[in-house]
Structure formats: structure tokens, C-alpha cells
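Q:
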Amino acid sequence: MSNMYSCNPDDVKAIIHAQLQLIQSDPAQAQALAPLMLWGAPGVGKSTIVREICQQHGIQLIDIRLAQREPVDLRGLPVPNGDHVDWLLAGEWPRDPNSRGIILFDELSAADRTLQAAAYEIILDRRLGDLYSLPPGWLVMGAGNGMDDRAVSYSFSSALANRFCHLELQPNAEQWCLWAREQGLHSAVIAFLKYAPQHFFMLDENSERGWPSPRSWERVARLLSSSTGLNRHQLRIMVNGLIGPAAAVPFFGFWELEDELPNVNDMLLGKIPVSVPKRSDATYLFCAAITEQLWRGDKSQRAQRLNVFFEISLRLNSDFATMLMLDAMRDTSRTAAIANRNASLFGETMGNTDTIHPQRSAWLIEHPAYEQWTAKHGQSFANALAQGDLMPTANASNNVEAAL
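What follows is the structure, given as C-alpha cells:
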């Protein structure tokens, strides 16, 4: 698929949101809308993106794996009825004319030509002969692996390929880290992938075993966050099985730096003196721990935590201080993100949903040490905002710009 423009997860989400918005505002457009075909290597998050969008919009998802079906499963079973034949349609097709959702033909490229042909009508014409028509509130999509992705894959016929709008999804470590924070995944995994993004996705000749991908890193993060009762050696075995030794060895070397770091929560509470790591790898881990702990705990401790936050941040170089401030200001609330994305269905412009939290940004900006912080790190921070690393909300934007 090298002749295609590649897109990151945010691009894909924006395109899907735009199509959902179009068929919501003008259902007549559904018939003319080109179905989306999402290409990408195994584990890059194709189906996860679609599933999350359906959850965020409160719409249905019908996931059809053609490679596990027979052609008759799509059109239905013929049943003799006197001098003619009736058809029993599969129960999964939506019947409510006002229903909304996405039909995802996942692993479409793993289906052979016979199965692809069986799906032509519903994908291309949104109907099954005279038997069934797909309600206009439904978006049709496909997803699959390319021929060079070391996965089961069949080429598309020209008729099928020419009807799709083809998108090639490329894994993006930075966006995955933002998503992982929103999900509350283990901070050591997030910090490691910020420090060493080259280990985020490594599809190689040993891909029949564990290898690093967005999917496998999520599993690592959830494993480390769970109360498994496993010791460090046993966790190492499992992580190695999930992402392979090429990524697991440097990850554990990085994670073990945590044992050398001071207790960040105690530092924020003023129980131990402020100190910052000298090594850059340890600083990534240190900053991730601060971000994780800053807004936790009793509200009465907020002033104390913020005092120490600024004391720490003023000791960091501008790159780390900017990263820390951006992470502290981010709105990682899933309810806020879902509300923002749902609003897009009613005519609001979709954009980067990684937004500044108005209240948190206000607490930071109004802190007495913020002026000193901007004197030291303000240019780096302004550059990061200009590059779109964070999108201020309407309320927070004026505060941030005025403070700079």
C-alpha cells in the first residue's frame, strides 16, 4: 500500500466523524457516500478506532468477519414456498429505519474472492437485491491487512477496490500515549514510549511471535496495572511474550529506573526534598509519575502539590518542563472527550480532541510561580501550542494566550 497517503489515528477518526455527521444531517447522502477501507498492519488499532467511535457516539457496531463466513450467511437461506422461494435474512442486519451505526467488514482482505463477491451488494449498493436495504443512518466500512503485512491477505477485485475510499493507518506513538493516559494505562509504558518511540511498532520477520504494536503495548500496560500477584521476573516473562525481546529488554531496563527514583507522591506532599533525575530516560519516567499523581489526593493538598510541581518544573530543561506542563493541563476525562465528539454530530467543527482542562489550566496559570515559569520556559511552551500539541478549549484558550 506504499502508493497511498498514510494517515494517523486522529486523521482516521476525523474522517469517520465527518462521514457520520454527513449522513446524520443529510441521510440521502448515504447512498452516494464511498465506503471507507482502512488498511494497516496487524495490531495498529483499526477495529479499536471504529469501536471507540461507536461507543462515543452511542451508535451500534456490527462487526462482520467475512473470512469466517459462507456466502449464504450474507444473503440468507432460501426457503421453498410453493412455486417460489423466500429468503431468511441473517438477523444481524439492522431493521429499524431510524437506527444508526457502523457496519465494519473487518479483516476484509483475509476473505477470498468468493466471499468478497458475496459482500459486493451490501458494501457497494447498501442492499441485498430486493430483499433488504440498509437504513441510511449506517456507515459501511472495511478494514484489513496489506499484502506486505505478513498476514493472510487476498487482493481485491478492481470492481471492489474502485468503490472504496482507501485509508492507510500508520501507528503513532505520541497519539497512542495520549489515548493511554485517557484510559488510565500504566505510566511506565507511556513514559517509555515517549522516551523510545522507535519501539512502539516493530513488525519484522519474527512476527509469528510477540512483537510491539499498539495492541500489544496496551496489553502490557493493562498487565502491569492489574493485581496479578506476579513478581518482576514473572512479569518479564509475560511482557517478553507480548512484545518480544527486542522491545521487552529495553523496556524493563527503563522500568527498573523507577526503583532509583524518589517517591513522587511524597515529594509532591513535601515529605521529602525536591530532586530531579540527571538522566533523560529517568526524567521521562519521573515526569510521567508527576503527571499521574498531581491531581490525585485530597483537594486540601492541591496548593502544596502545585508548589512542588513548579519547584520541580523550574529545575527541568525547557523540553521536559513543557512536556510536563502540557500533560498537567490536558483534559483526559473520557466524559469530556465523549461529549466533545458527540457534539460534532450536531454541526460543530471536529478538531483535535486533546484539549486543555479549563480548571486545571486556571490553577496552573494563576499560581504565583507561573510568571517565573513562563520567563524560563514560555517560548518552548508557545512553540508547542503553535504546533498543535494541545488544543485549548474556548474557555481555556484566552487564559493560556494571555498568560504567555
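Residue numbers (full-length UniProt numbering): 1 to 404.
Even glycine gets a Cβ: it sits at the ideal position worked out from N, Cα and C.
Am I right that L131 and I122 are in contact with their C-beta atoms under 8 angstroms? What's the rounded C-beta distance?
A: Not quite, the Cβ-Cβ distance comes to about 11 angstroms (not below 8 angstroms), so this is no contact.
Q: Taking only the alpha-carbon atoms, compute the straight-line gap between L104 and I243 and give it to the nearest angstrom.
A: Their backbone Cα atoms lie some 27 angstroms apart in a straight line.
Q: Can you give me the Cβ contacts of P97 inside the same chain, cut-off strictly under 6 angstroms, excluding the 5 residues immediately before and after it?
A: These residues qualify, in order along the chain: P135.
Q: Using the three-state DSSP reduction, which class does A343 fall into: helix, strand or coil?
A: Per-residue confidence for A343 stands at a pLDDT of 42, beneath the threshold of 50, marking its modelled position as unreliable; the derived number appears in the next sentence. Helix.
Q: Please return the same chain residues whose Cβ sits closer than 6 angstroms to the Cβ of S213, not counting the five positions on each side in sequence.
A: So the qualifying residues of the chain are G43 and F201.
Q: For C287, which option in G241, N317, A28 and A386 has the closest C-alpha, if you only look at C-alpha atoms?
A: Per the Cα distances, N317.
Q: Taking the beta carbon of I290 as the centre, do at least 16 other beta carbons fall within 10 Å, making it buried, or is it exposed?
A: When all chains shown are included, I290 counts as buried.
Q: Out of I272, R232, Q21 and L38, which one is the CA nearest neighbour of C7?
A: Ranking the options by Cα distance to C7, first place goes to L38.
Q: DSSP puts M37 in a beta bridge; with which residues?
A: According to DSSP, which records beta bridges pairwise, M37 is partnered with G142 and H166.
Q: Under 8 angstroms between the Cβ atoms of Q175 and P9?
A: In this structure, P9 lies closer than 8 angstroms to Q175 by Cβ.
Q: Taking only the alpha-carbon atoms, compute the straight-line gap between L224 and A30 and give it to the nearest angstrom.
A: In a straight line, the C-alpha of L224 is about 44 angstroms away from that of A30.
Q: With a threshold of 8 angstroms, are at least 3 pairs of Cβ atoms found where one atom belongs to the stretch 174-194 and the other to the stretch 245-261?
A: They touch, by the three-pair rule.
Q: Assign S133 to one of three DSSP states: helix, strand, or coil.
A: S133: strand per DSSP, three-state reduction.
Q: Between the stretch 269-287 and the stretch 305-319, do at least 3 Cβ pairs fall closer than 8 angstroms?
A: Yes, the stretch 269-287 is in contact with the stretch 305-319.
Q: Between L185 and R330, what straight-line distance do the alpha-carbon atoms span, to the nearest angstrom?
A: Distance between the alpha carbons of L185 and R330 is about 15 angstroms.
Q: When the Cα of C177 is compared with those of H199, Q304 and Y370, which residue comes out closest?
A: The shortest C-alpha separation from C177 is found at H199.
Q: 8 angstroms is my cut-off, CB to CB: does M238 come that close to chain B?
A: Looking at the structure shown, chain B is missing, and only one protein chain is on hand.
Q: Considering only the alpha carbon of each residue, which of L66, V12, K376 and A375 lies closest to E52?
A: The shortest C-alpha separation from E52 is found at V12.
Q: In terms of residue numbering, what span does the beta strand (DSSP E) encompassing D106 cover?
A: Here the beta strand (DSSP E) through D106 covers G101 to D106.
Q: Output the boundary residues of the beta strand (DSSP E) element that contains R236.
A: That residue, R236, is in no beta strand (DSSP E); its alpha helix (DSSP H) goes R232 to I243.
Q: With 16 other CB atoms within 10 Å as the buried threshold, where does T355 fall?
A: Per the 10 Å Cβ criterion, buried.
Q: At which residues does the alpha helix (DSSP H) containing R181 begin and terminate?
A: Here the alpha helix (DSSP H) through R181 covers A173 to Q183.
Q: Going by DSSP, what residue range makes up the alpha helix (DSSP H) through I312?
A: Counting along the chain, the alpha helix (DSSP H) containing I312 begins and ends at R302 to S313.
Q: Could you work out which residue in S99, E371, S158 and R65 is closest to I23 when comparing CA atoms only?
A: Taking only the C-alpha atoms, the option nearest I23 is S99.
Q: Put N317 into one of helix, strand or coil per three-state DSSP.
A: Reduced to three states, the DSSP call for N317 is coil.
Q: Rounded to whole angstroms, what's the CA-CA distance from A221 to S300? Just pull it up for me.
A: Cα to Cα, A221 sits roughly 31 angstroms from S300.
Q: By how many angstroms is the C-alpha of Q372 removed from the C-alpha of Q19?
A: Q19 and Q372: Cα-Cα distance of roughly 46 angstroms.
Q: Is R69 closer than 8 angstroms to L124 when the C-beta atoms are compared?
A: Not closer than 8 angstroms, so no.
Q: For G82, count neighbouring C-beta atoms within 10 Å of its own C-beta (all shown protein chains included) and say buried if the count is 16 or more, exposed if not.
A: Counting Cβ neighbours within 10 Å, G82 comes out exposed, since fewer than 16 surround it.
Q: According to DSSP, is Q60 helix, strand or coil?
A: Reduced to three states, the DSSP call for Q60 is strand.
Q: Thinking C-alpha only, which one of G101, A375 and T228 is nearest Q55?
A: Among G101, A375 and T228, the Cα nearest to that of Q55 is on G101.
Q: With 16 as the cutoff for other CB atoms within 10 Å, does I237 come out buried or exposed?
A: By the 10 Å Cβ count, I237 comes out exposed.
Q: Under the three-state reduction of DSSP, which class applies to N263: helix, strand or coil?
A: Three-state DSSP puts N263 in coil, outside helix and strand.
Q: If we ignore side chains and look at the alpha-carbon of each, how far apart do G45 and V249 end up?
A: Cα to Cα, G45 sits roughly 24 angstroms from V249.
Q: Kindly list the residues whose CB is nearer than 7 angstroms to the CB of R296, restricted to its own chain and excluding five residues on each side of it in sequence; keep chain order.
A: Result list for R296: empty, nothing under 7 angstroms.
Q: Using CA atoms only, rank isn't needed, just tell me which of D281, V264, V308 and Q304 is closest to Q293.
A: The residue with the shortest Cα to Cα distance from Q293 is V264.
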